[in-house]
Structures are given as structure tokens and as C-alpha cells.
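A quick write-up on the structure given underneath.
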Amino acid sequence: MRIAWHSNSFYFLGLISVVSFAISHFLSEPKPLARSDYLAPPKVIEKLSSGLKVASSDSFWLRAIQDFDFCSAPINDRECQGKSWLFHVLDLATDLDPRFYYAFYAGGLDLTVVISDYEGASKIFDKGVPLYPKKWGFLYAAGYHAYFEEKNKVKAANLFFQAAENGAPEWLKVTAGRLAKEGGDTETSERILQQLIQTSDDPKLVERLKKKLSDLKSTNE
Numbered sequence: 188m189r190i191a192w193h194s195n196s197f198y199f200l201g202l203i204s205v206v207s208f209a210i211s212h213f214l215s216e217p218k219p220l221a222r223s224d225y226l227a228p229p230k231v232i233e234k235l236s237s238g239l240k241v242a243s244s245d246s247f248w249l250r251a252i253q254d255f256d257f258c259s260a261p262i263n264d265r266e267c268q269g270k271s272w273l274f275h276v277l278d279l280a281t282d283l284d285p286r287f288y289y290a291f292y293a294g295g296l297d298l299t300v301v302i303s304d305y306e307g308a309s310k311i312f313d314k315g316v317p318l319y320p321k322k323w324g325f326l327y328a329a330g331y332h333a334y335f336e337e338k339n340k341v342k343a344a345n346l347f348f349q350a351a352e353n354g355a356p357e358w359l360k361v362t363a364g365r366l367a368k369e370g371g372d373t374e375t376s377e378r379i380l381q382q383l384i385q386t387s388d389d390p391k392l393v394e395r396l397k398k399k400l401s402d403l404k405s406t407n408e
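When we follow the numbering used here, the leftmost residue of the sequence shown carries the number 188, and every step to the right adds one.
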């Protein structure tokens with residue numbers, strides 16, 4: 188009788204061990220989501236957010252700034268494939284709330300300077316310029332992008348002139364005229380970068396801009 192009891196106990200403990208192993212193996216805690224698994228939010232959210240667009244925009248903005256340095260598809264060490272994950276989040280946030288100025292300004296600069304999604308930055312800046320025609324800081328940032336990354340000096344000249352007409356330093360009119368007439372030079376490029384460094388309060392952004400300025404100076408020494 189005692190032998191049978193020990194035998195049953197052995198089988199019972201063995202069964203518990205097997206079940207415990209199965210539970211720990213198949214019901215383990217979910218692994219943290221890798222950045223490479225991020226999915227861009229679908230545009231249909233905009234239509235489903237009726238009455239809650241501003242709150243939804245804030246939510247997407249808060250999500251974006253958690254990964255402001257994330258390039259979802261790097262082309263190389265210095266450039267990100269256009270229309271990145273970050274662009275899609277910012278694009279939706281600014282569609283939901285077109286009055287969200289900082290999402291346009293900081294988002295556009297981050298796309299062009301920090302992760303180098305130039306295509307995405309162009310779309311954010313182009314969408315924001317008609318909405319903020321008197322915000323010289325935004326116009327200046329858009330002009331920087333047009334000049335350095337789009338290589339469109341006529342577009343940059345127009346943006347810089349518009350910025351100067353709305354409170355930017357007066358020397359920007361001279362820069363705009365020089366770009367429109369001659370296409371710019373090293374001195375013009377340095378001055379544009381220095382001004383953007385002075386007006387930026389994001390340490391990571393300033394660091395990248397200073398690197399661009401240093402590279403520009405070393406190239407022309």
C-alpha cells in the first residue's frame with residue numbers, strides 16, 4: 188500500500204513538472220517590441236478620430252518623441268529611407284491638428300537633421316509653410332532644408348526672404364538675394380548653419396548641426 192502511494196506521488200510530481208514547464212515555455216512574458224517591428228499608424232485613424240483629433244494628435248506626438256532618433260530603414264550610416272516610421276507618425280499628428288506648430292517645427296528639423304529622412308522632412312515643411320507663413324523660425328528651418336538637402340536654392344531664397352519679412356535677422360535678406368542671384372557660397376552656408384544652431388534648444392539637434400558646420404569648414408580649408 189505504501190509502495191503504491193509513493194508510486195502515485197512520483198507520477199503526480201512528474202505531471203506537475205511537465206505542466207509547469209509547458210506553462211513557462213508557452214506562456215512566458217512577451218518580449219519587448221524591437222524598434223524594427225514598429226508599424227506606421229494607418230491614415231484611417233484620422234477619420235476615426237472625429238471630436239478627438241487634438242487629443243489624438245497629442246498622443247501621437249508623445250509617441251513620436253520617444254523615438255525621435257529612430258530611422259526605420261537606414262540607407263547608409265548617414266541617411267534614412269524616405270517616409271520613415273517617424274515621418275508617418277508626425278504626418279498623422281499634424282494632419283489631426285494643423286495648429287500643432289511645434290510638431291511641424293521640431294518634427295521637420297528632426298527628420299532632416301537627426302535621422303536624415305529628407306523626403307519626409309520635405310513633406311512636413313511643405314505642408315507647414317502655408318499654415319505658418321509668418322513664423323520666421325519655421326520658414327528659416329524650411330529654408331535650411333531646401334538649401335542643404337533639397338539643393339533648391341531658389342526655393343531656399345524665397346523662404347529666407349519670407350522669414351526676413353516676418354522678423355528674422357535683416358542679413359537674411361542679403362542671403363536670400365545672394366542665393367537667388369549666385370546660388371550661394373561657403374560663407375552663406377556657414378551663416379545659415381550658425382543661425383540655426385543659435386535658435387535650436389535640442390542638444391542632439393545642435394550636435395548634428397555643429398558636425399555639419401565642422402565638416403563644411405574642413406572641406407573648404
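Even glycine gets a Cβ: it sits at the ideal position worked out from N, Cα and C.
{"Query": "Per DSSP, which residues does proline 261 bridge with? Please list them.", "Result": "Cys267"}
{"Query": "Going along the chain, which residues of its own chain have a beta-carbon closer than 6 Å to the beta-carbon of leucine 318, five neighbours each way excluded?", "Result": "Pro285"}
{"Query": "Since serine 309 is in the alpha helix (DSSP H), which residue starts that stretch and which ends it?", "Result": "305-315"}
{"Query": "With DSSP run on the structure shown, which of helix, strand or coil describes leucine 396?", "Result": "helix"}
{"Query": "Taking just the CA atoms, how far does phenylalanine 348 sit from lysine 364?", "Result": "Reading off the sequence shown, one finds glycine at residue 364, where the question assumed lysine. Rounded to whole angstroms, glycine 364 to phenylalanine 348 spans 8 Å at the Cα level."}
{"Query": "Between the Cα of serine 246 and those of Gln268, Ala260, Pro261 and Phe287, spot the shortest distance and give me the residue it belongs to.", "Result": "Phe287"}
{"Query": "Using CA coordinates, which residue listed in Ile379, Lys322, Ala280 and Phe274 is at the minimum distance from leucine 249?", "Result": "Ala280"}
{"Query": "Taking contact to mean at least 3 C-beta pairs separated by less than 8 Å, is the segment 326-333 in contact with the segment 342-362?", "Result": "yes"}
{"Query": "Need the endpoints of the alpha helix (DSSP H) that phenylalanine 274 sits in, please.", "Result": "272-283"}
{"Query": "With distances taken from CA atoms, which of Leu283, Pro320 and Glu394 is nearest valine 241?", "Result": "Leu283"}
{"Query": "For a test of the three-state rule: what should DSSP assign to isoleucine 302, helix, strand or coil?", "Result": "coil"}
{"Query": "Pull up the distance between the alpha-carbon of leucine 359 and that of isoleucine 379, whole angstroms please.", "Result": "9 Å"}
{"Query": "Report the residue from Phe255, Ala293 and Asp389 whose alpha carbon sits nearest the alpha carbon of glycine 315.", "Result": "Ala293"}
{"Query": "Among Gly370, Arg395, Ile302 and Asn353, whose alpha-carbon lies nearest the alpha-carbon of asparagine 263?", "Result": "Ile302"}
{"Query": "Determine the closest residue to glutamate 337 out of Asp254, Gly269, Phe257 and Glu357, with distance taken between C-alpha atoms.", "Result": "Gly269"}
{"Query": "Since leucine 296 and glycine 307 should fall inside the 8 Å C-beta cutoff, what is the C-beta to C-beta distance between them, to a whole number of angstroms?", "Result": "Incorrect: roughly 12 Å between the Cβ atoms, too far for contact."}
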